[in-house]
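Undergrad:
Protein chains: 2
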Amino acid sequence: MNFSKPVTYAIRSLIHLAREGNKGPVLSSTIAQEESLPAPYLIKVLGVLTTHGIVKASRGRGGGFTLAKNPTEINLYDIFILFEGLALTQDCLLGLGKCGEVKHCPIHDKWEEPKGHMEAFLKNTTIEELARMRDSLE
Amino acid sequence: MNFSKPVTYAIRSLIHLAREGNKGPVLSSTIAQEESLPAPYLIKVLGVLTTHGIVKASRGRGGGFTLAKNPTEINLYDIFILFEGLALTQDCLLGLGKCGEVKHCPIHDKWEEPKGHMEAFLKNTTIEELARMRDSLE
DNA sequence: AGATAAAAAGATATGGTTGTCCTTTTATGA
DNA sequence: TCATAAAAGGACAACCATATCTTTTTATCT
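Note that the protein sequences, when read in sequence, are chains C and D. Heads up: the first sequence runs through residues 1 to 138, numbered per this note's numbering. Heads up: the second sequence runs through residues 1001 to 1138, numbered per this note's numbering.
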């Protein structure tokens, strides 16, 4: 009932990149250091974001990562499903395989509403919005 | 963003026990078989529920497990925190250590509302209610 | 009291997530 | 064109959640 490591690393990296603005590519090692993230693991996470067109990677000297889209167009839901798949939306809360539309588990119906709230929260929260909140933590 | 195995096993066992009513103790092995749960792991889960007074264990011949409280008085929140601790309530969504009341992470404020919905859902959902929903899945 | 049946407890195994290391590929700059 | 700097990729390691196995304790029945 929490974000997995890759998801939090991705979000924190994206906020970092958004705050850098257009100052050119940022090294994965720089992000790792400034955000206190494990460097060799982070670069894999950034690799996933690259593959899916969320960030743009440039290799070689002077390379690094930049945002590939406007931060207003990156929402947490997209990041979430990238790493966690459709578990939130589709998996049965009680882990019952056959839980579907017709026949479903005892919690199914009641879970719809809070699940909807979760999804809405994720979809409505953009990287731009989070990057703007500088007042908060250091 | 889903229940852990122990939590789902606990909930399904409690529903099972609630449906059995007062027909006397139910073997952990019976629950395991009928709910398709791994028997030796399940008994540890039931052990936790026993320690915390959710179920009552009786040893020896004719023993097994029964509910220790009225199913109307067992809600999902209690079960949840038993196995997952206070992560939902207290942990920072972005995994930032210092995220507290005064200074907090960028998502903190916005997370309050959907988090509240989650908590309310868990607190308002009782085992009795779930046990009653027999119409749903087999 | 002895046999049996059950949960409790502890040690050990497995698997997936997280993390590291090393090599390869690609780009830049002198 | 060669050295260097960066990401990409693959193999490996550590850790934690999950699962199993074995022994111990406790209760019941004959």
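Built from N, CA and C at the ideal position, the CB exists for glycine as well. Source: prediction; values computed, not measured.
Find the residues of chain D that neighbour residue 117 of chain C, judging by a C-beta separation of less than 7 Å, and give them in chain order.
TA: Simply 1114, 1117.
Undergrad: With a threshold of 16 other CB atoms inside 10 Å of the CB of residue 16 of chain C, please say whether the residue is buried or exposed.
TA: Buried, by the Cβ-count rule.
Undergrad: Give a yes or no on whether the C-beta atoms belonging to residue 64 of chain C and residue 28 of chain C are separated by under 9 Å.
TA: The answer is yes: Cβ separation under 9 Å.
Undergrad: For the beta strand (DSSP E) that contains residue 1057 of chain D, what are its first and last residues?
TA: That run of the beta strand (DSSP E) goes 1055-1058.
Undergrad: Starting from residue 1066 of chain D, follow the alpha helix (DSSP H) in both directions and report where the run begins and ends.
TA: It is not in any alpha helix (DSSP H) - residue 1066 of chain D instead sits in the beta strand (DSSP E) that spans 1064-1067.
Undergrad: Taking DSSP as the reference, what is the three-state secondary structure of residue 119 of chain C?
TA: Three-state result, residue 119 of chain C: helix.
Undergrad: Comparing the C-beta of residue 1131 of chain D with each C-beta of chain C, is any distance below 9 Å?
TA: Answer yes: the Cβ-Cβ gap between residue 1131 of chain D and chain C drops below 9 Å somewhere.
Undergrad: Between the beta-carbon of residue 998 of chain D and the beta-carbon of residue 1010 of chain D, is there less than 9 Å?
TA: Outside the displayed range of chain D (1001 to 1138) lies residue 998 of chain D, so it cannot be described from this structure.
Undergrad: Indicate whether at least one CB of chain D lies closer than 9 Å to the CB of residue 125 of chain C.
TA: At least one chain D Cβ lies under 9 Å of residue 125 of chain C.
Undergrad: Could you tell me whether the Cβ atoms of residue 1111 of chain D and residue 83 of chain C are closer together than 9 Å?
TA: No. Outside cutoff.
Undergrad: Against residue 1093 of chain D, what residues of chain C qualify as contacts under a CB-to-CB distance less than 9 Å, listed in chain order?
TA: Here the neighbours are 2, 3, 8, 11.
Undergrad: For residue 85 of chain C and residue 91 of chain C, I'd like the C-alpha separation in whole angstroms.
TA: Rounded to whole angstroms, residue 85 of chain C to residue 91 of chain C spans 10 Å at the Cα level.
Undergrad: DSSP has residue 75 of chain C in a bridge; who is on the other side?
TA: Answer is C:126.
Undergrad: Just verifying my parser: in three-state terms, what is the DSSP assignment at residue 102 of chain C?
TA: DSSP places residue 102 of chain C in coil when its eight states are reduced to three.
Undergrad: Between which residues of its own chain and residue 56 of chain C is the CB-CB distance below 6 Å, once the five residues before and five after are set aside?
TA: The residues are 66, 68.
Undergrad: In whole angstroms, what is the alpha-carbon distance linking residue 1138 of chain D and residue 104 of chain C?
TA: The pLDDT assigned to residue 1138 of chain D is 48, lower than 50, so where the model puts this residue is not dependable; a value taken from the coordinates is nonetheless given after this. The straight-line gap from Cα to Cα measures roughly 9 Å.
Undergrad: Any beta carbon of chain C sitting closer than 9 Å to that of residue 1110 of chain D?
TA: Interface residue, yes.
Undergrad: If you measure from the beta carbon of residue 1088 of chain D to each beta carbon in chain C, is any gap under 9 Å?
TA: Answer yes: the Cβ-Cβ gap between residue 1088 of chain D and chain C drops below 9 Å somewhere.
Undergrad: Grab the span of the alpha helix (DSSP H) containing residue 46 of chain C for me, first residue to last.
TA: Element bounds for residue 46 of chain C: 39-51.
Undergrad: Near residue 1058 of chain D, which residues of its chain fall below 7 Å by C-beta distance, leaving aside the five closest residues on each side in sequence?
TA: Excluding residues within five positions, the ones whose Cβ falls inside 7 Å are 1025, 1064.
Undergrad: Is the Cβ of residue 106 of chain C closer than 9 Å to any Cβ of chain D?
TA: For residue 106 of chain C, the answer is yes, since a Cβ of chain D falls inside 9 Å of its Cβ.
Undergrad: Are any of the Cβ atoms in chain D nearer than 9 Å to that of residue 57 of chain C?
TA: Taking Cβ atoms only, chain D never reaches closer than 9 Å to residue 57 of chain C, which makes this a no.
Undergrad: Can you have a look at residue 8 of chain C and say buried or exposed, based on whether 16 or more other CB atoms are within 10 angstroms of its CB?
TA: Classification for residue 8 of chain C: buried.
Undergrad: Please determine, among C:80, C:35, C:73, C:114, the residue with the shortest C-alpha to C-alpha distance to residue 6 of chain C.
TA: Ranking C:80, C:35, C:73, C:114 by Cα distance to residue 6 of chain C puts C:80 first.
Undergrad: What residue does the alpha helix (DSSP H) around residue 1011 of chain D start on, and which one ends it?
TA: Unbroken alpha helix (DSSP H) run through residue 1011 of chain D: 1005-1020.
Undergrad: Please list, in chain order, the chain D residues whose beta carbon lies closer than 7 Å to that of residue 15 of chain C.
TA: By Cβ distance, chain D contributes 1106.
Undergrad: Mind checking if residue 1039 of chain D is an interface residue toward chain C, Cβ cutoff 9 Å exclusive?
TA: Not an interface residue.
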